[in-house]
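Using my numbering, you'd call the opening residue of the sequence shown number 25 and step up by one each time.
Below: one structure, written as structure tokens.
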Amino acid sequence: MFMGTIYANENEAALHEAAIDALASEMRRPVDEIKPHYERELLRLQKGARVRDFLSVCATRHLREALRGSQR
Numbered sequence: 025m026f027m028g029t030i031y032a033n034e035n036e037a038a039l040h041e042a043a044i045d046a047l048a049s050e051m052r053r054p055v056d057e058i059k060p061h062y063e064r065e066l067l068r069l070q071k072g073a074r075v076r077d078f079l080s081v082c083a084t085r086h087l088r089e090a091l092r093g094s095q096r
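This is how it looks when you write it as structure tokens:
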């Protein structure tokens, strides 16, 4: 893992940071609120992942659905 994080390298970290920023903007919530939820979902998905390429897409989709459900 990259520098003691859940990310494999700098490129993966940048990809996930961009996904977090985009989701925070879309949901109109602060990045600091979105990031821990996103990273928790990412860790869950990483456990069974053989291919990491689409983890940001899956984590974003799952978190978006959860946040929209909590707004109702």
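The beta-carbon is built from N, C-alpha and C at its ideal position, and this holds for glycine as well.
Please list the terminal residues of the continuous alpha helix (DSSP H) segment that includes residue i.
i     : result
Asn33 : Where Asn33 is concerned, there is no enclosing alpha helix (DSSP H), given that its DSSP letter is neither H nor E.
Asp56 : Val55 to Gly72
For residue i versus residue j, is the C-beta spacing smaller than 8 Å?
i     : j     : result
Leu79 : Leu66 : yes
Pro54 : Ala46 : no
Ile44 : Gln70 : no
Arg76 : Ala32 : yes
How is residue i classed by DSSP in three states: helix, strand or coil?
i     : result
Ala46 : helix
Arg88 : helix
Assuming residue i and residue j make a contact with CB atoms under 8 Å, what is their CB distance in whole Å?
i     : j     : result
Tyr62 : Ala83 : 6 Å
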